[in-house]
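Beneath this line is the structure, given in structure tokens, with notes to follow.
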Amino acid sequence: MGTVMLVMALAVSAGASCGDGNEGTPPTTPEVADLELQQVKRFPVGSTYWLPNPATGGWTLEEAPAGNENQVVAGSDGFHRFTPVLPGTYVFRAETSELRRTLTVTDDVPYEHFNYYQTRSLAQVNDELWVANLFEPKITRVDPASGAVKGTIQSGPWPVAVAFAKAQGLALVAHKAGDTVGFVDVAKGRLVDAVWVGDEPADVVLSPDGAKAYVSLNTEGAVVVIDVARREVIGRVATNKSSTAMALSKDGATLYVASYLSGTSARLQFPVEERNDKYDIAVVDTKTLAVTKYIEAVGSTIGGLYLDEDRLYVATTRVALEELSGTPGMTAFRHSVAAYDTTSLAEVAAVDVGRQPSSTGFAVRPFGMALAGGTLWVSFEGSDAVVGLDPETLAEKTRFAAEGRPRTILASEDRLFVHGAQSFRVTVASSAGMPDKEIDLPGDPRSAGVAAGQYMYTGTGAGAGENHSCADCHVDALSDGNVWSAGGFSESASRPMFWMERPSMIGWEGDAYDLYSYLWGSPGPTIGATVTGELHQAFYDYLSALVPPPPANGATARDGSMSEAARRGEAIFRGKANCAGCHAGPLTTEGLRLPEGGTQTTHPIVVPPLVGAYRHGFWLVNGAAWTMEEAVDAMLKLSLGNVTDAEKKDLTRYLEELTAREFFLLNSSPRNGAVDVRSEGDLQLTFSHPVFEDPKNLASIRLTDEGGAEVPITVKAAERHVAITPAAPLAFGGKYEIVVGAGLEAWSERALVAERKIGFTVAAAPKLTLEGDYIVTVDHPTLDSMNKKYDPTKIIPVETPVKATSTPYGAVISAQVSPTLQTDVDVTIADSKSVWPPFPFRVGPGFLNRSFPTTLDLVDTDGDGVADEGESTLFLRSPGLEALDVRWTLKRPPVGPPVCDGATGTHELTLAMNGMGGPLVSWMANVNALGYFVTDPDAMTPMGPGPVTGGTTYWALSAASFPAGFAGPISYGEVPAGATDASAASGAPPGGAPLPSGSCIKLTVVFSDFTTSVMRYVAP
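Numbered by mature numbering (1 follows the signal peptide of the UniProt record, and there is no 0), the letters in the sequence shown go through residues -16 to -1, 1 to 1004 in order.
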């Protein structure tokens, strides 16, 4: 996934030794070299089973479920193959011996979110519309006239593209998670065969006569050619990095291949990388199967190609890295359509679709294109829109909505079909752009949380984020290869995301303790989104579901097992190359943080995992390595590994084959060695792959006490997660171990190689409780923007009212952190020490920060057994910033009416009355305001622009432009230059409400240096 950015010495094998308990796999014999990692007991329906050729003869199907019509196919690549579309038991027999193989096929397959996306997921097949369902291994057949769903056809895993070879009566389907292209017999409506093509096939286009199919291989930077009649790969050409979208000339002579994750040559503070612009679109001569030319500097990401006569249209996002900011309308992202002359390859027209004069609004992340009704139609994923452009000038003519984050559009006769794969929906419109129906498709296997989070991730934000989404930098949860500035304090390539539940800090610099707490502070500000409980949970559900691709790739064997060269490389990795010192364990990281950075920057770096690094396309923290070989060279300098050229070649091969083949414990709660663990509640295990949920298998998981006696528990598994529920509360102060036995099976039939033990100590019995109302105050240091660091000599006391509800082991602390975010934090109390997980608090202009885990000693001031206060320190991080020993306190709220006079804060405020008797506030400091709030004392004001929480708001102002702000003086009811009236968002009337005579009024000014000053007075 995107840039791996290896910061390491390169790490312990994720699982090169492969003989760890694939029970049921037949032994290798002299007659046939079996693929030992291939499933045999629980084989997914629609996938392709590989039978290595016997010494003589071939294989026949001896037994099969009733209704099976598929047969064993003898390939020309050293394998026989079989693609089952019915569950049941199959028996294969060698033709010249009594050798047999048994395969049990199931359609009860746990969902794994590989995060693939559709490329060409619609096809007109005779008089039907066929839709590749993407998340589900099915093709849906639709009557295009009525919109009726006529049925589904089993496909291989993650179908992303479909093409119809009419003369051959076949539909070809790219199975991105299966590394195959499937062949569907259209007359029979059945997947009859699939041929191996290479890693992650992304797009399929057919020659004019349908005799050949061209298939782009996303991670291999290549295109393969299939003879459709023979169902064989007959050619291959290396093209460009991340080759995805393709277009073929009408005569079939020229193939255009786009680099999806192309990047741009400019890289902020780092040296220019010209290769990022050189190979954007490859021009391939299909007769010689050679690249003849490249179209250069097309864009950073290239989502689609469409060829019409002498024009090649390109859907691309172009970027201006230095223009990234939090200001609405910023132009860092330019979602464009460009046209190139196919003779000269010169750009003849280009527009930023959302900003050209004819535009009716932003249009974000262009992908599919089609020409119909004299209009070029372009689908925009991030905006759920289809925009119609003049084919000559590219001026906007019209647009219509298409739900589901559309990437594919098909023009057929006088209609347009737009596939919103994320909503399992096809929008149908006329060739004039008038929608007339929406076709809902069956079969979404994702949980509601994963689906909601993915939808948010790929959609636009607000304010400065209304012209981009998270997916613009973390493209498909990978990386776009560019160097971005994180808040102006840190510059790095976006980090790829998978197995985000791992027990290591999040982000290149370790910005948060874990994913859950990380999402309180991000991605809200990045895309201008307000963090709500719904957004926070949905993002967590989606990002925590991301897993690396299946074990096989273009370098491994078909089952994902390693080559001999890779095995040699693994030994070098663990030995003389000194890689495993940083990249340890099956995950190839244990979260080691390098305070002085790695090879490219002095910013601290958390060592990343290397599993799946082969597919990243850009490596190192700033994407400076363009190949895996370059990354290895850079890291060997850091690890001081002394290897020969031959050994380095093997080491590189190992990393290219380091896939997610191993089954291992990814994380646990509590973590190994944890102390002060709560005495009640579930214990959680998270694994790398779905666990086989059979009770006999789960019996491998036990809980023991300090004496080794088993503790009665209930164990339940749900995909990758296991919940352990003790039958009774654990003993205060007790020591326990979760024991996960060797041989515990994944659904994939892989097994744990060795027993794992997670030891932990339960907290001592609490001597105090927490109950009722408190105020948590964090003395947050101000930001020294000049020196790009926190200034601990200037603090902003950030107050959060909380309510504690006691539990047998501590308390649940509930807080309304913002108007849209309510949180519950589970606190354990050991004696009089409270143990806090990460918690959020308001900071800066309308966004949140979060702590790392911390403790706080409680004090009972009145002797009633209920704690009244406490004081401690915590630390925080964000990109390029770190604050240590930050004081924070827990106190009871003041009793009685507040004192209604005086002022607090860094900048002194002066109060006078205007002609209407309202407050007139000014200040002498040379600093502008980001927000101004007139409220009662109970109101909780934001740390910048944003709504007020609680109490009563009378008037509110917000900066029209961040961080410029607005100057004083501020007269009640009069909006100064540079400000906007934000009263309505806080429940007050624009222009301000009457101030009740004799009431206490609180005036709060939030300044552009991120300090706050408060003044109270009694209204006349």
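The C-beta atom is built at its ideal place from N, Cα and C for all residues, glycine as well.
Since the model is a prediction, treat every value here as computed from it, not as a measurement.
{"Query": "Take E7 and list the residues in its own chain whose beta-carbon comes closer than 6 Å to its own, dropping the five residues that flank it on each side.", "Result": "Residue placement at E7 is poorly supported in this model, since its pLDDT is 34, which falls under 50; the coordinates still yield a value, given next. So the list is empty, once near-sequence residues are dropped."}
{"Query": "Check M353 in the structure and name its three-state DSSP category.", "Result": "strand"}
{"Query": "Could you check whether W180 and H159 sit closer than 8 Å to each other, using their CB atoms as the reference points?", "Result": "no"}
{"Query": "Do V410 and I423 come within 8 Å of each other at the CB atom, strictly closer than that value?", "Result": "yes"}
{"Query": "When DSSP labels each residue in this structure, what does A(-3) get in the three-state scheme?", "Result": "With a pLDDT of 32 at A(-3), under the threshold of 50, the modelled position of that residue is not reliable, and the figure given next carries that caveat. Coil at A(-3), not helix or strand."}
{"Query": "Quick one: what's residue 1078 bridged to in DSSP?", "Result": "Summary: the structure shown does not reach residue 1078, with the chain confined to residues -16 through 1004, and so no result is reported for it."}
{"Query": "Counting only the same chain and skipping the five closest in sequence on each side, list residues whose C-beta sits under 6 Å from that of A322.", "Result": "V298, E331, A334"}
{"Query": "Could you tell me which residues DSSP pairs with residue 1006 in its beta bridges?", "Result": "The requested residue 1006 does not occur in the structure, where the chain is confined to residues -16 to 1004."}
{"Query": "Please confirm whether S997 and A887 have their CB atoms less than 8 Å apart.", "Result": "yes"}
{"Query": "Pick helix, strand or coil for N833, following the three-state DSSP scheme.", "Result": "strand"}
{"Query": "Considering only their Cβ atoms, is the gap separating G465 from residue 1022 smaller than 8 Å?", "Result": "Lying outside -16 to 1004, the shown extent of the chain, residue 1022 is not represented and no answer is given."}
{"Query": "Just to confirm the assignment: which complete beta strand (DSSP E) runs, minimum length 3, are found wholly within the region 201 to 232?", "Result": "206 to 211, 216 to 222, 227 to 232"}
{"Query": "In chain order, which alpha helix (DSSP H) runs of at least 4 residues are fully inside the region 257 to 323?", "Result": "259 to 262"}
{"Query": "Where do the ends of the alpha helix (DSSP H) carrying residue 1038 lie?", "Result": "For residue 1038 there is no data in the structure shown, the boundaries of the chain being -16 and 1004."}
{"Query": "Report the rounded CA-to-CA distance for P10 versus R85, giving the unit in angstroms.", "Result": "The pLDDT assigned to P10 is 39, lower than 50, so where the model puts this residue is not dependable; a value taken from the coordinates is nonetheless given after this. Approximately 8 Å between the Cα atoms of the pair."}
{"Query": "Going by C-alpha to C-alpha distance, which of I286, G743, P419 sits closest to D660?", "Result": "G743"}
{"Query": "Can you have a look at K122 and say buried or exposed, based on whether 16 or more other CB atoms are within 10 angstroms of its CB?", "Result": "buried"}
{"Query": "Looking at the secondary structure, which residues open and close the beta strand (DSSP E) in which L622 lies?", "Result": "No beta strand (DSSP E) contains L622, which is instead part of the alpha helix (DSSP H) from 612 to 623."}
{"Query": "Alpha carbon to alpha carbon, what distance is there between A539 and V595?", "Result": "14 Å"}
{"Query": "Expressed to the nearest angstrom, what Euclidean distance is found between the alpha-carbon atoms of E640 and A529?", "Result": "24 Å"}
{"Query": "Which ranges does the beta strand (DSSP E) cover as unbroken runs of at least 3 residues, wholly within the region 562 to 602, from first to last along the chain?", "Result": "none"}
{"Query": "Run the CB neighbour count on V(-10), radius 10 Å, all protein chains shown included, and call it buried at 16 or more, exposed below.", "Result": "For V(-10), the pLDDT reaches just 31, beneath the cut-off of 50, and the residue's location in the model is therefore unreliable, although a value from the coordinates is still provided. Buried, by the Cβ-count rule."}
{"Query": "Going by the beta-carbon positions, is the gap between F317 and S463 smaller than 8 Å?", "Result": "no"}
{"Query": "Taking 7 Å as the cut-off, is the CB of V699 close to at least one heavy atom of the ligand GTP?", "Result": "This structure lacks the ligand GTP, and indeed carries no ligand of any kind."}
{"Query": "Label L868 either buried or exposed according to how many other C-beta atoms from any shown protein chain fall within 10 Å of its C-beta, with 16 as the threshold for buried.", "Result": "exposed"}
{"Query": "So for S60, helix, strand or coil by DSSP?", "Result": "coil"}
{"Query": "Keeping to the same chain, check which residues put their C-beta closer than 7 Å to that of K150; ignore five residues upstream and five downstream.", "Result": "G194"}
{"Query": "May I ask you to report which of helix, strand or coil DSSP gives V1002?", "Result": "strand"}
{"Query": "Pick from D264, A229, H891: whose alpha carbon is nearest that of S200?", "Result": "A229"}
{"Query": "Considering only the beta carbon of each residue, do T301 and D187 sit closer than 8 Å?", "Result": "no"}
{"Query": "Could you check where the beta strand (DSSP E) with S945 kicks off and where it finishes?", "Result": "Element bounds for S945: n/a, residue is neither H nor E."}
{"Query": "In this structure, how does DSSP classify T988 when only helix, strand and coil are distinguished?", "Result": "strand"}
{"Query": "Is DSSP giving Y502 helix, strand or coil here?", "Result": "helix"}
{"Query": "Going by DSSP, name the residue or residues bridged to Q668.", "Result": "S653, A707"}
{"Query": "So, with DSSP's three-state summary, where would you put T510?", "Result": "helix"}
{"Query": "Report buried or exposed for S818, applying the criterion of at least 16 other Cβ atoms within 10 angstroms of its Cβ.", "Result": "buried"}
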